[in-house]
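S.K.: Here the UniProt record's numbering is used: the first residue of the sequence shown is 1, the next is one more, and so on.
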Amino acid sequence: MTLYRATVMDTPRDPLAEGPDALQADADAGLLVRDGVICARGPFAAVAAAHPEEEVVDLRAGVLLPGFVDTHVHYPQLRIIGGLGRPLLDWLTTCALPEEARLADAAYAATVAREFVDGVVRAGTTTALVFGSHFPGATDALFAAAEAVGLRMTAGLVVSDRFLPDALLTTPDAALAHSTALLEKWHGRGRLRYAITPRFSLSTSDAMLDACAEVLGAREDVWFTSHLNENPTEIEEVRRLFPGAGHYLDSYDQHGLVTSRSVMAHNVHPTAHELEVLASSGAAVAHCPTSNSSLGSGLFPLAAHLDAGVRVALGTDVGAGSGFCLLKEGLQAYFVQRLLGPHGVDLGPAALLHLATRAGALALGLADEVGDLAVGKQFDAVWVRPQPGTTLDVVLRHGADATDTLAKIFTLGTPSDIAVVWVAGRAVTGPSAPVPPPLPLEAA
Numbered sequence: 001m002t003l004y005r006a007t008v009m010d011t012p013r014d015p016l017a018e019g020p021d022a023l024q025a026d027a028d029a030g031l032l033v034r035d036g037v038i039c040a041r042g043p044f045a046a047v048a049a050a051h052p053e054e055e056v057v058d059l060r061a062g063v064l065l066p067g068f069v070d071t072h073v074h075y076p077q078l079r080i081i082g083g084l085g086r087p088l089l090d091w092l093t094t095c096a097l098p099e100e101a102r103l104a105d106a107a108y109a110a111t112v113a114r115e116f117v118d119g120v121v122r123a124g125t126t127t128a129l130v131f132g133s134h135f136p137g138a139t140d141a142l143f144a145a146a147e148a149v150g151l152r153m154t155a156g157l158v159v160s161d162r163f164l165p166d167a168l169l170t171t172p173d174a175a176l177a178h179s180t181a182l183l184e185k186w187h188g189r190g191r192l193r194y195a196i197t198p199r200f201s202l203s204t205s206d207a208m209l210d211a212c213a214e215v216l217g218a219r220e221d222v223w224f225t226s227h228l229n230e231n232p233t234e235i236e237e238v239r240r241l242f243p244g245a246g247h248y249l250d251s252y253d254q255h256g257l258v259t260s261r262s263v264m265a266h267n268v269h270p271t272a273h274e275l276e277v278l279a280s281s282g283a284a285v286a287h288c289p290t291s292n293s294s295l296g297s298g299l300f301p302l303a304a305h306l307d308a309g310v311r312v313a314l315g316t317d318v319g320a321g322s323g324f325c326l327l328k329e330g331l332q333a334y335f336v337q338r339l340l341g342p343h344g345v346d347l348g349p350a351a352l353l354h355l356a357t358r359a360g361a362l363a364l365g366l367a368d369e370v371g372d373l374a375v376g377k378q379f380d381a382v383w384v385r386p387q388p389g390t391t392l393d394v395v396l397r398h399g400a401d402a403t404d405t406l407a408k409i410f411t412l413g414t415p416s417d418i419a420v421v422w423v424a425g426r427a428v429t430g431p432s433a434p435v436p437p438p439l440p441l442e443a444a
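#1: Give the list of continuous alpha helix (DSSP H) stretches no shorter than 4 residues that lie fully inside the region 228 to 285.
#2: To test your reading of the DSSP string, which unbroken beta strand (DSSP E) runs of 3 or more residues are found completely within the region 171 to 222?
#3: Could you compute how far the alpha carbon of L302 sits from the alpha carbon of H51?
#4: Around the Cβ of T71, are there at least 16 other Cβ atoms within 10 angstroms (buried) or fewer (exposed)?
#5: How would you write the range of the beta strand (DSSP E) that F131 sits in, first residue to last?
#6: Helix, strand or coil for C39, going by three-state DSSP, please let me know.
#7: For the structure I just gave you, are there three or more beta carbon pairs, one from the region 95 to 111 and one from the region 344 to 357, closer than 8 Å?
#8: Is it buried or exposed for T290, if we count other Cβ within 10 angstroms and need 16 for buried?
#9: Output the distance between the C-alpha atoms of E115 and P232, rounded to the nearest integer angstrom.
#10: If you reduce the DSSP assignment to three classes, tell me which class D26 lands in.
#11: Which residue from A272, Y334, L340 puts its Cα closest to that of G309?
#12: Quick check on the DSSP output: the alpha helix (DSSP H) that includes I409 runs from which residue to which?
#13: When the distance is taken between beta carbons, is L31 closer than 8 Å to A6?
#14: Would you check if the distance between the CB atom of M9 and the CB atom of L65 is smaller than 8 Å?
#15: What separation, rounded to the nearest whole angstrom, lies between the Cα atoms of L340 and V268?
#16: Give the secondary structure of S293 by DSSP, where H, G and I count as helix, E and B as strand, and everything else as coil.
#17: Bridge partners of V312, per DSSP?
#18: Going straight from the alpha carbon of F300 to that of P388, what length do you get?
#19: Could you compute how far the alpha carbon of F224 sits from the alpha carbon of L257?
#20: Could you say which of H287, A304, G321 lies nearest to L295 if we only look at CA atoms?
#21: Mind checking who Q378 pairs with in its DSSP beta bridge?
#22: Determine, using beta carbons only, whether I38 and K377 come nearer to each other than 8 Å.
#23: Compare the C-alpha of E147 against each of P12, T127, M208 and name the closest.
#24: With distances taken from CA atoms, which of D404, A400, D380, G319 is nearest C95?
#25: What residue does the alpha helix (DSSP H) around D140 start on, and which one ends it?
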């Protein structure tokens, strides 16, 4: 067992529903971790007195947060981050799809998979729903890289049978066979799970979506993810390709693919009926604000989702976004809602933390395991400890209270400010050197 002493902040309750008081902030907490699970939490003095024999790891020089949960991120797009100035379909043709085709090379794919997993965990993400590759071998490499590091990952083979370059296409029969083989190999192995992953209905025929439904319907513990309502031109093309569908979401729903195990990415331009279907099915939406802003896709209508009862969490998307850091996504989500004026949602620091942690765990059906630092949860955690003298280090010393401190972390924080990341109690990043001595935070 290990006893961690830290300023701890998490959101076991929902600030979007209950307000900023839902933030739980403990200035000098003790977290006792046994075999990767939090088995005690309370004032440090009390926990230490009850367990005087346990090793103490002093983390008071920074702030301890739950591990971040990314609900939408594309593994093959790591190396093309930064392709600015294009709308979605042009960006796909010019930037994303040529790079994704390179993952047909097994050695190349294995290298990118290792780089991807390393980048994700360095950014503080401990749980992720990942778009795999169009190639079975490259998707297999992704699972292997995640297993080696310990990332808590749900992912799957990306399948398409039209619209994309020929190198990225497959047949429904091949998609069914390859997806089933990958599922049988990796699903439920350690912290890994499988997600049925058609790229979007724009690139998948009815026959391909039927194949996806066959895999999803055969198991009650696999997941489904795809794209939805990201760009007006895309939406019009889907309407042309699926004349019998009432709306974009219906192209999936007609095949039984919209369930409580579904996470749809973007949904920037939903109809009221689509929001009703998402809410009634229990499906979740992955909001990717930096990508939506970069591609000019639009301003996400968070209020409409919340009013309809649709679950929302954050995703980085990555290729069209600004990297793997959910702190950046939270800040951009805040900006987007501010730009919406009276139609936006007032996203305070507690709400941003919730969207980056527990909301994602809820969307992925993992809230009993991760998403906050309550007793009984896995110790998936991030220690924010900026380098001495940096701007974030300076301003953290002058936080007025816990909420202000958290606001500063979301405003200024980057992966370089994340000193250690733990998954199930095991440090997956961070030096093995002793932890630096405490530096007083006024917010504590």
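Backbone N, C-alpha and C define an ideal beta-carbon position, used for all residues, glycine too.
In this text, all values refer to a predicted model and were calculated from it rather than measured experimentally.
M.R.: Taking the structure as given:
#1: Within the region 228 to 285, the complete alpha helix (DSSP H) runs of at least 4 residues fall at 232 to 241, 248 to 253, 272 to 281.
#2: 192 to 198
#3: 45 Å
#4: buried
#5: 125 to 131
#6: strand
#7: no
#8: The Cβ neighbour count for T290, taken over all protein chains shown within 10 Å, is at least 16; the residue is labelled buried.
#9: Each residue's Cα considered, the two are about 33 Å apart.
#10: Residue state for D26 is assigned as strand, using DSSP reduced to three classes.
#11: A272
#12: From DSSP, the alpha helix (DSSP H) with I409 extends over 402 to 412.
#13: Closer than 8 Å, so yes.
#14: yes
#15: Looking at the backbone, the Cα of L340 and that of V268 are separated by about 13 Å.
#16: Secondary structure at S293: helix, using DSSP grouped into helix, strand and coil.
#17: V285
#18: So the alpha carbons of these two residues sit roughly 36 Å apart.
#19: When rounded, the separation of the alpha-carbon atoms in F224 and L257 is 7 Å.
#20: G321
#21: V37
#22: Going by C-beta atoms, I38 is nearer than 8 Å to K377.
#23: T127
#24: G319
#25: 136 to 149
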